[in-house]
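For reference, the structure discussed in these notes is given below.
In this note's numbering, the protein residues as written are 3 to 122.
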């Protein structure tokens with residue numbers, strides 16, 4: 003599925019990190035960000051052309067900021083911007099959820115509401 007999505011993206015979103023023709027994700031969150039964007043585009047929430055415009059704007063914005071940013075840092079920023087622009091999610095909600103996730107112990111990437119806490 004990832005290869006199919008990446009193939010259709012090649013016509014629109016350029017610069018996807020690859021090695022031997024396969025998409026490369028350095029961290030697990032990068033593949034999740036890619037998958038979320040792909041699923042939302044597949045559902046018709048936005049077109050890849052719209053996402054490309056958001057990604058180009060995010061790259062331009064980040065180029066003027068200090069620090070280093072990976073391709074998927076920019077990807078995630080573009081996705082957040084596109085979703086807030088369209089009123090799908092509020093920026094404050096994204097920030098609040100990110101804060102919760104940042105304070106979880108390593109390896110704890112799921113919610114606890116549906117089960118008792120256990121060691122990871």
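For every residue, glycine included, the Cβ atom is placed at its ideal position computed from N, Cα and C.
As the structure is a prediction and not an experimental result, all values here were calculated from the model.
Exercise. Kindly give me the distance between the Cβ atoms of residue 60 and residue 83, rounded to whole angstroms, as I take these residues to be in contact under 8 Å.
Key: Right, their Cβ atoms sit about 6 Å apart.
Quiz item: Below 8 Å, can you find three or more Cβ-Cβ pairs linking the segment 44 to 63 to the segment 73 to 80?
Solution: Because the criterion of three Cβ pairs below 8 Å is met, the segment 44 to 63 and the segment 73 to 80 touch.
Quiz item: Assuming residue 38 and residue 103 make a contact with CB atoms under 8 Å, what is their CB distance in whole Å?
Solution: That pair is no contact at about 14 Å.
Quiz prompt | Outcome for residue 48 when other beta-carbon atoms lying within 10 angstroms are tallied against a minimum of 16 | solution = Buried: at least 16 other Cβ atoms inside 10 Å.
Quiz prompt | Bridge partner(s) assigned by DSSP for residue 24 | solution = Note: residue 24 sits in a beta bridge opposite 21.
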